[in-house]
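Colleague:
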Amino acid sequence: MLDALLMEKAGLPAASIGVEKLVKTTGRGMARAHGIPDYPIAVISHLMGPLADLKDDHDVQVLAMAAAHQVEAILIGETFMYPVPT
Numbered sequence: 800m801l802d803a804l805l806m807e808k809a810g811l812p813a814a815s816i817g818v819e820k821l822v823k824t825t826g827r828g829m830a831r832a833h834g835i836p837d838y839p840i841a842v843i844s845h846l847m848g849p850l851a852d853l854k855d856d857h858d859v860q861v862l863a864m865a866a867a868h869q870v871e872a873i874l875i876g877e878t879f880m881y882p883v884p885t
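Offset between the sequence shown (1-based) and the working numbering: plus 799.
Dropping the structure here:
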């Protein structure tokens with residue numbers, strides 16, 4: 800998150816990805832603290848439990864695709880819906 804914020808402040812497009820619960824708390828707080836309160840953050844669902852508990856390639860692919868669409872939108876300056884359904 801911090802790397803993405805610092806890159807954006809330096810004029811380099813960047814995207815940060817986080818699990819929903821952390822984006823709503825730590826991610827938003829960090830963005831506010833660095834003067835970019837509306838910084839878009841790609842959000843992945845945490846409904847599957849800890850990321851370490853992903854069962855197979857399909858679970859990983861679902862999360863990756865959800866994040867990829869959001870990251871693309873962030874980098875080209877489009878708005879994405881939050882949270883993204885999984």
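Where a beta carbon is used, it is the ideal one built from N, C-alpha and C, also for glycine.
(1) DSSP three-state label for Ile843, please.
(2) Return helix, strand or coil for Arg817, following the three-state DSSP convention.
(3) Does the distance from the C-beta atom of Gly826 to that of Met800 stay below 8 angstroms?
(4) Enumerate in chain order the residues of its own chain whose CB-to-CB distance from Leu874 is below 6 angstroms, with the five nearest sequence positions on each side excluded.
(5) What is the DSSP secondary structure of Ile875, counted as helix, strand or coil?
(6) Is any heavy atom in the ligand COA found nearer than 7 angstroms to the beta carbon of Leu801?
Modeller: Judging by the given coordinates:
(1) strand
(2) Residue identity check: residue 817 is Gly in the sequence provided, not Arg. Here Gly817 sits in strand by DSSP.
(3) yes
(4) Pro812 and Ala814
(5) Secondary structure of Ile875 (DSSP, three-state): helix.
(6) What this structure holds is no ligand at all, so the ligand COA is not there to describe.
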